[in-house]
Each structure stands twice: as C-alpha cells, then as structure tokens.
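In what follows, a structure is listed as structure tokens, so that the remarks can point back to it.
Numbering (the numbering used here), first residue to last: 18 to 363.
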C-alpha cells in the first residue's frame, strides 16, 4: 500500500502493554488521512458518555499518506480526542517534525488509552514500544523537557510533550513539539488529556519509509512545486504569517476586543510581521518538507526563541489591545513553555 505502513500502535498505559491494528488500502480510502482515521478510531474507542479526562478517553496521534514523501507542506499530523474544554470531538493539527518521526517509527498512528500509575515517557522506534520513567522531567516546561530528552535520545528524534499546564490538566493546555520551535497541537485541551494519563512525553524515531509507487516522477513534481512555493511564498518567508496583520485590519477581520472594536489602524503597525523583521527577528525555520519556512525566531532578553505567528499576534496583541511587540513575544514564549494554547489564552 502506497503512502502508508498499514500499522497503527495501540498503547494501554494502565497495563503497560501495546498491540497493533493493521489496515488495508480499502480502509485508507474510506477514512482519508489523519483526520479521517483519527475520527474513526475516536468513535471506535470511546462513547458519547466518555469523560475527556478519564482513562477511557483515547488520545490519538495520526499521520496522512503524504507525510514522509517529501510532498511540499505535508509535514503535519493530527491529534484527535475528546476535548476537556468543550466535552466534544477535538482534532488539533500541528506542523513541525513530530509526525514525520512518528511515521519513520514504522507506525502511521498511535492510539493511547488508560492511565499510567506514575509519570511516564513513551518511546516508539522502529516498530518497538517502550515505557520509561518520566519523573525526572515531570514539572519541567516544554522546552526544558525537550532539551533533556534530546540529550538522551539524540537530536534526530521527534519529541511531543506537555508542560506544567498539561500536568495540572488545565483545559487550555496543548501538546507541544520541537522544543524552542514550539509547534503546538494547541486548541481544545489535548495537553490536559495527555496529563490526565500521566504521560509527560512521546519520543519517536526510526528509519521506516512508506512505499511510493513512482518515486522518480514524484521527485520531479516535488522539485517543480518547491520552486513555485519559494517564489509565491516569498512574503511568508520574509514576514511569517503575522505579515498579514495589517491586511486583516484593513478588511475588518482582525480580532480587536473579541471583534467589539472594528479599527486599530495605527496601533497594528507596531505588531506586524514586517515590524518584527525590522526589529527582533533573528532567523526563521520551517516544517518538514516545506520550503516556505514561515516560522519565526526572535531575540528576546538575550535568547533566541520561537516567535509569534499570526494567531498569537492577533489574540495576545490586537484582541487584548497590546501593541508592544516584545511583550507579545515574551507572552508567547511563556505560554509555549507552560504548554498553554496562545489563541485560547488571548
């Protein structure tokens, strides 16, 4: 089957045991991508009466058929569960590299059920599942956790973790990936679900590669599309997603006091991606298989950290009437470290 390994790991934290679900092409065509499969397995492993913070609520990480193929902008994965913020279905997407490393582990997805008896680290490598003690990183923020785990497992691994907010099961807690780059499955409280299971982090990696029917043709197409994206996405490369702050204000689509206020014409100029590029921007980064590299790196208090994207700039900035770029960048880093969704916070 092209694009998939046809394997999903099911991990029971209570029993400290794992098993596999094997699927075929018919299933993959019926339940398309990480979204389709994640939704299917949420309905299979839970009921409408399943409580979000109960051991019975599954926490599902899924990838799609493009991830790992090199197709531009395909470096995203889905987290599906029942939301502790709303009590209903939650799908939270994230970029970065974790989904890529999960796919390299030999599994297309991961379904986590049960609750560990103590802080636990889950390792997934080349088709093998391991349970490790996470007491040494329990209580640490997401960036310190990532750094501590990379010191043990190496830089070429995917790490997904929660911060203190997730440990305390705060409904705004997210699941964070890639350390200081802070790619987040932010909305809906997926981090609280992870914390309710005493699961601090997941480390994934390996060398598995899903089959592709015509690698040569695909490689040629990827090269063509990368060239187009580099040209058409030049603005995103230079200014990031927050480069659209000014345009959104002009169109009346910028959140200002929860849309109670319609105009913020002068103030918004202080918190655009263009302004960031002129002042605190020190670099950029991109997700796996994306040539655009819209991620921001900013210098704050003598440190280089992940900078705010549009949603963060809007919700912690214009929505709260804050036009101080450095203050927003500091708030963004604090939320990322604590493991809190910046959008819901704003």
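C-beta: ideal position from N, C-alpha, C; glycine also.
- Per the coordinates, the alpha-carbon of residue 99 lies some 8 Å from the alpha-carbon of residue 68.
- Counting only residues of its own chain and dropping the five nearest sequence neighbours on each side, residue 308 has a CB closer than 8 Å to the CB of 89, 243, 246, 247 and 250.
- With respect to the 7 Å criterion, residue 333 and residue 348 are classified as neighbours on the basis of their beta carbons.
- Of the residues assessed, residue 74 falls on the buried side of the cut-off, its CB having 16 or more other CB atoms within 10 angstroms.
- Annotated three-state conformation of residue 149 is strand, per DSSP.
- When the Cα atoms are used, residue 135 and residue 330 turn out to be separated by approximately 37 Å.
- Under DSSP, residue 178 takes part in a beta bridge, and its partners are 193 and 218.
- Contact between the stretch 288-298 and the stretch 219-231 is absent: fewer than three C-beta pairs spanning the two stretches fall below 8 Å.
- Contact annotation: residue 269 and residue 327 have beta-carbon atoms that are not nearer than 7 Å.
- Using a 10 angstroms sphere on the CB of residue 42, the tally of other CB atoms stays under 16, which defines it as exposed.
- Taking a 10 Å sphere around the C-beta of residue 155, we find 16 or more other C-beta atoms and assign the residue as buried.
- When only Cα atoms are considered, residue 301 and residue 316 end up about 12 Å apart.
- For residue 279, the three-state secondary structure derived from DSSP is coil.
- In this structure, residue 211 sits near residue 192, with a CB-CB distance shorter than 7 Å.
- The DSSP-derived three-state label of residue 186 is coil.
- Residue 281 sits buried, since 16 or more C-beta atoms from the chains shown fall within 10 Å of its C-beta.
- Note on geometry: alpha-carbon atoms of residue 273 and residue 256 lie some 21 Å from one another.
- DSSP places residue 285 within a helical segment (H, G or I) once states are collapsed to three.
- Contact between the stretch 344-359 and the stretch 197-210 is present: three or more C-beta pairs spanning the two stretches fall below 8 Å.
- Ranked by Cα distance from residue 176, the first of 292, 196, 304 and 52 is 196.
- Assignment of residue 290 by DSSP, reduced to helix, strand and coil, places it in the helix class.
- Inclusion of residue 286 and residue 214 in the CB contact set at 7 Å is not warranted, their separation being larger than that value.
- Counting C-beta pairs closer than 8 Å gives fewer than three between the stretch 145-152 and the stretch 76-96, which falls short of the contact rule.
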